[in-house]
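Engineer: Numbering (this note's numbering), first residue to last: 65 to 277. Just so you know, even glycine gets a beta-carbon here, dropped at the ideal spot from N, CA and C. Since the structure is predicted, the reported quantities are computational estimates derived from the model, not experimental observations. One structure follows; several queries about it will come next.
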Amino acid sequence: MALITQGPASCPHPLYLEECRRLSHADPVIASLIKRIGVCQLRPRRDYFATLCDSIISQQLSLAAAATIYQRFTRLYPARRPTPRAVANTRMPRLRTVGLSRQKAGYIKDLAVGFVDGTIRPSRFAQQDNEAIIEGLTSIRGIGQWTAEMFLIFALNRLDVLPVDDFGIQKAVKRWYTLKRLPGPATLRAVARRWAPHETLACWYLWQSAHLE
C-alpha cells in the first residue's frame, strides 16, 4: 500500500519530538530505533478521497505497479485531482483503461459514491474517534480494517493506532524484540502497552527500521 512508503524527508521538522522522547523513556527498543532513524516525518495527507483511491489501487500490487496505475488514474481528471463527483460520473470502461481490474474500478466508484452521498463525511473526522471512522470507511466495498487503520495513521495522523495485522509491524517486532516467531495480535498488544498513547509513532519507526542493517 502506497500510504506506508513515506521515508524520512531531507529536511527534519521538530514534529512529535516530545512524544518521541516519551516513547524513548518507555521502551529502550524504540529508543534505539529513534536514535538511528531520526526525527519522525509523518505528515497529514489532506486529500482524503485521493488517498483512499491510492490505497485501493495499491492492494495486492507492487509499489511500482501501483504507482504507475495511480498516476494514470489521476491523469483522467483536470489538474490530476480526482474528485468524488468526477469519479462517480466516470464510466467503468474509462476507469479500466488505466489498468484497473473490474473489481478495483468498482471499489473506487463505490468510494466516490460514498463521499457524494454522505456515507463518508470528512468534515466529521475531527470529532469522530478512531472506531467511528473505521466503521464508516469499512462500510465501503474494498476498504477493510487494515486500509482504514492506514488511513488513520497516514492521512489523519492519529497517534494511537496499532495495526496488529500489519505484516511489516509483525516482522519488525519479531526482529527487534528477538521473538522466535511472528507475533499474533495478543502478543503485539502486550508489547505495545508501553507505547500508549503513541502507538502510531512506534509503528512508524518499526516500518522505517526495515531499511536498517
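1. Tell me the DSSP secondary structure of R139 in three-state form.
2. Quick check on H89: buried or exposed, where buried means 16 or more other Cβ atoms within 10 Å of its Cβ?
3. To the nearest angstrom, how far is the alpha carbon of L252 from that of L81?
4. Using alpha carbons as the reference points, say which of L87, I217, I207, R86 lies closest to G178.
5. Using CA coordinates, which residue listed in Q167, G163, R110, R144 is at the minimum distance from T132?
6. Distance check for C117 and A128, CA to CA, integer angstroms please.
7. Does DSSP put M65 in a helix, a strand or coil?
8. Compute the distance between the beta-carbons of D91 and R258, then report whether it is under 8 Å.
9. Determine the DSSP secondary structure at A260, reduced to helix, strand or coil.
10. Can you tell me where the alpha helix (DSSP H) with E82 in it begins and where it stops?
11. Please report the distance separating the alpha-carbon of S273 from that of A196.
12. Determine the extent of the alpha helix (DSSP H) in which D193 is found, giving its start and end residues.
13. Measuring straight from C-alpha to C-alpha, what distance separates P142 and G248?
14. Work out the CA separation of T242 and R136 for me, nearest whole Å.
15. Over the uninterrupted alpha helix (DSSP H) stretch that includes T154, give me the two end residues.
16. Apart from the five residues on each side of it in sequence, which residues of its chain come closer than 8 Å, Cβ to Cβ, to A256?
Structural biologist: Here's the rundown:
1. Along the sequence shown, one-based indexing puts residue 139 at 75. Coil, per DSSP.
2. Counting from one through the sequence shown, the residue named residue 89 turns up at place 25. Note on H89: under 16 other CB atoms within 10 angstroms of its CB, so exposed under the neighbour-count rule.
3. The sequence position of residue 252 within the sequence shown is 188, counting from 1. The sequence position of residue 81 within the sequence shown is 17, counting from 1. Approximately 24 Å, taken between the alpha carbons.
4. The sequence position of residue 178 within the sequence shown is 114, counting from 1. Taking only the C-alpha atoms, the option nearest G178 is I207.
5. Counting from one through the sequence shown, the residue named residue 132 turns up at place 68. Ranking Q167, G163, R110, R144 by Cα distance to T132 puts G163 first.
6. As a first step, residue 128 is located in the sequence shown; it is residue number 64 there, counting from the start. As a first step, residue 117 is located in the sequence shown; it is residue number 53 there, counting from the start. Cα to Cα, the separation comes out at about 16 Å.
7. Within the sequence shown, numbered from 1, the residue matching residue 65 stands at position 1. Bear in mind that the predicted position of M65 carries a pLDDT of just 40, short of 50, making it too unreliable to give a figure here.
8. Here residue 91 refers to the residue found at position 27 when the sequence shown is read from its first residue. Here residue 258 refers to the residue found at position 194 when the sequence shown is read from its first residue. It is a contact, given that the beta carbons lie within the stated cut-off.
9. By 1-based counting over the sequence shown, the position of residue 260 is 196. Taken through DSSP and simplified to helix, strand or coil, A260 comes out as coil.
10. Position 18 of the sequence shown holds residue 82. Note, E82: alpha helix (DSSP H), 81 to 90.
11. As a first step, residue 273 must be located in the sequence shown, where it is residue number 209. As a first step, residue 196 must be located in the sequence shown, where it is residue number 132. Straight-line Cα distance between these residues: approximately 31 Å.
12. On the sequence shown, residue 193 is found 129 positions in, with the first residue counted as 1. No alpha helix (DSSP H) contains D193, which DSSP labels as neither H nor E.
13. Within the sequence shown, numbered from 1, the residue matching residue 142 stands at position 78. Within the sequence shown, numbered from 1, the residue matching residue 248 stands at position 184. Each residue's alpha carbon lies about 45 Å from the other.
14. Residue numbering aside, residue 136 sits at position 72 when the sequence shown is read from its first letter. Residue numbering aside, residue 242 sits at position 178 when the sequence shown is read from its first letter. Their Cα atoms are separated by approximately 42 Å.
15. The residue given as residue 154 occupies position 90 in the sequence shown. Segment: none, T154 is in no alpha helix (DSSP H) and carries neither H nor E.
16. Counting from one through the sequence shown, the residue named residue 256 turns up at place 192. Correct list, in chain order: L226, E263, A266.
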